[in-house]
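These notes concern the structure reproduced below.
Chains as they are written, first to last, in this note's numbering: chain U, 423 to 710; chain R, 423 to 710.
Structure below.
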């Protein structure tokens with residue numbers, strides 16, 4: 423038996439345990455205002471919402487429940503983006519399996535895209551409500567999108583309903599500046615790519631995860647870093663990650679320490695890694 | 423809302439994250455054959471069984487489900503003893519509350535004792551079956567108890583049924599040599615004591631947990647260490663823990679490293695700490 427909700431939770435735990443993941447909280451790194459144990463608590467608090475998604479609750483409602491539980495347990499936002507990546511994957515893994523929702527199954531990009539395509543206006547409304555539970559760093563919305571600014575939280579819901587926007591619709595415009603939204607619109611391309619690399623590696627999955635984090639960081643500038651520090655800093659971080667020899671542990675650790683010191687936290691990269699870990703765990707049938 | 427199952431899972435995660443917990447796997451220590459991430463996986467896998475207990479499934483059945491899920495996810499035994507401490511606490515916290523089983527509530531030793539007193543022969547049978555999923559280090563049973571040796575696993579069930587033994591009954595004789603069984607028969611005295619010290623401390627709960635682990639280690643010789651290394655070693659570890667100044671971080675870390683090197687793992691102490699963490703989290707209403 424492979425419960426997709428349990429595997430999604432395990433993906434959150436392995437993501438934060440993997441070390442070093444330069445700039446992010448991990449087994450060996452805390453940030454001044456965000457400690458490792460908060461992520462463990464967040465993963466624990468999110469589980470009921472993930473279970474709800476696996477059991478067939480509306481996707482947005484389950485996502486909002488996961489965020490509410492995460493925030494209550496962690497006391498802060500720890501895994502909003504990761505849960506946004508995981509939510510449609512968990513639904514896809516729990517759907518259409520003769521063994522029932524708890525069994526889980528390997529999934530394809532088309533499976534997750536079908537979930538995205540099936541999102542509703544209610545899902546979008548719940549997504550906006552989820553922001554009420556946490557403070558999430560987001561970029562300035564384009565002028566025309568002001569009424570849909572996620573920072574409005576539940577206040578934006580009447581506008582969402584009036585325009586008849588689904589969750590997929592409200593995430594689409596964010597694709598340009600948020601790589602979690604980009605996963606939603608581009609078939610979770612990077613998450614599936616990460617899973618492939620995780621499955622191709624050797625040694626404990628948690629160690630492979632650290633290597634894949636570095637790959638992802640080099641692959642594209644982290645959009646959370648772009649939002650907080652600007653495009654130049656994000657591009658520089660990606661270039662430096664690409665130039666690192668992953669086998670040179672000292673260099674990777676020095677890079678990790680430097681990013682932590684500078685407050686540069688590639689959170690979007692971590693979110694996508696969590697998605698990749700879920701897909702890899704699913705493919706392994708939940709094997710350790 | 424405070425879900426007792428979520429808090430029990432969080433207790434497992436905080437227990438293994440707390441560092442240093444001399445001799446045990448923690449955020450900063452792996453053992454050669456047992457790594458940190460296995461405990462994260464075990465906690466994730468145990469959750470469905472904990473949920474079942476909170477929702478009212480027979481205690482033994484929920485416990486067996488938790489052990490099965492833990493072992494499948496971790497690939498080994500990570501938290502058998504801790505789950506045996508937590509199971510009746512979760513049931514007690516989920517019972518008799520007008521807000522329903524998911525709400526949780528603070529509990530007293532009498533509440534948990536009532537759960538213990540209410541265990542059945544079926545619970546005992548499920549407890550024996552749980553051993554089929556894992557290899558658990560146990561002491562040689564007394565001569566007269568051979569038919570009830572837990573190492574017989576499900577084979578012992580007919581004898582348990584014939585004698586009409588409840589789960590409380592089968593744990594009672596182990597009180598002498600297993601402090602998890604002793605918790606069951608003595609009102610979870612040490613777990614409640616640990617909770618009191620956790621609640622009386624300052625700073626993040628995970629840091630207080632490390633301090634309380636040292637207290638517990640000094641309080642009584644660890645029975646898992648007794649089983650594996652003999653009474654003298656266990657008594658020596660307790661004496662040395664008592665002699666340590668908890669504020670002397672270097673000395674505590676050196677002690678932790680030495681115990682890890684010698685393969686001395688006070689697992690029973692960790693089990694009781696997990697119980698204390700659950701009670702403390704419950705009392706705090708799940709606050710971070």
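Note that CB positions come from ideal geometry on N, CA and C, so glycine has one too.
Taking a contact as a CB-CB distance under 8 Å, the pair residue 700(U) and residue 511(U) counts as one, their CB atoms being some 6 Å apart. Under the three-state reduction of DSSP output, residue 635(U) falls in the helix class. Between residue 560(R) and residue 572(R), the gap from beta carbon to beta carbon is short of 8 Å. Look at residue 485(U): its C-beta is not under 8 Å from any C-beta on chain R. If you draw a 10 Å sphere on the C-beta of residue 484(U), you find 16 or more other C-beta atoms in it, and that means buried.
For residue 431(U), the enclosing alpha helix (DSSP H) starts and ends at 426 to 439. Exclusion of the five residues before and after residue 507(R) leaves 602, 605, 613, 693, 694, 696 and 697 as the residues of its chain whose Cβ lies within less than 7 Å of its Cβ.
By the C-beta density criterion, residue 600(R) is buried, having at least 16 other C-beta atoms within 10 angstroms. Between residue 662(R) and residue 637(R) a beta carbon distance of about 14 Å is seen, past the 8 Å cut, so the two are scored as non-contacting. Between the beta-carbon of residue 708(R) and that of residue 495(U) there is about 6 Å, and that keeps the pair under the 8 Å contact cut. Across the segment 658 to 680 of chain R, no CB contact with chain U closer than 7 Å is found for any residue. Residue 571(U) sits in coil when the DSSP states are folded into three classes, being neither helix nor strand. Residue-level contact by beta carbon fails for residue 705(U) and chain R, as no gap is shorter than 8 Å.
Contacts between residue 508(R) and chain U, judged by CB atoms closer than 8 Å, are missing: the closest CB pair is about 13 Å apart. Pairing residue 500(U) with residue 445(U), the inter-Cα distance amounts to about 14 Å.
Listed along chain U are 432 and 710, each with a C-beta nearer than 7 Å to that of residue 463(R). Using a CB distance cut-off of 8 Å, residue 460(R) counts as an interface residue toward chain U.
For residue 425(R) and residue 706(R), the gap between their C-alpha atoms comes out near 12 Å. At least one CB atom of chain R sits nearer than 8 Å to the CB of residue 628(U). A direct Cα-Cα distance of roughly 10 Å separates residue 609(U) from residue 537(U). With a threshold of 8 Å between beta carbons, residue 495(R) makes contact with chain U. Setting aside the 5 residues that flank it on each side, residue 664(U) is surrounded in the same chain by 640, each with a C-beta closer than 7 Å to its C-beta; the list follows chain order. Here residue 427(U) really is in contact with residue 473(U); their C-beta atoms are around 5 Å apart, less than 8 Å. For the pair residue 443(R) and residue 686(R), the Cα-to-Cα distance works out to about 12 Å. Looking at the backbone, the Cα of residue 489(U) and that of residue 504(R) are separated by about 28 Å. If the five residues before and after residue 596(U) are omitted, its C-beta is found closer than 7 Å to the C-beta atoms of 603, all from its own chain and listed in chain order. Listed in chain order, the non-local C-beta contacts of residue 456(U) below 8 Å within the same chain comprise 447, 498 and 500, local neighbours out to five positions each way being set aside. At the C-beta level, residue 703(U) and residue 433(U) come within 8 Å of one another. Burial is judged here by how many other beta carbons sit within 10 angstroms of a residue's own beta carbon; residue 454(R) has fewer than 16 and is exposed. With its beta carbon less than 8 Å from one in chain R, residue 457(U) belongs to the interface.
Check the Cα spacing between residue 625(R) and each of 436(U), 437(U), 449(U) and 459(U): the tightest is with 459(U). Residue contact check for residue 466(U) against chain R: a CB pair falls below 8 Å.
Residue 684(U) and residue 652(U) have their C-alpha atoms spaced approximately 14 Å apart. Taking a C-beta distance under 8 Å as the contact criterion, residue 647(R) and residue 688(R) qualify as a contact pair. Secondary structure note for residue 513(U): its alpha helix (DSSP H) is the uninterrupted segment 502 to 516. Straight across, the Cα-Cα distance linking residue 623(R) with residue 629(R) is about 9 Å.
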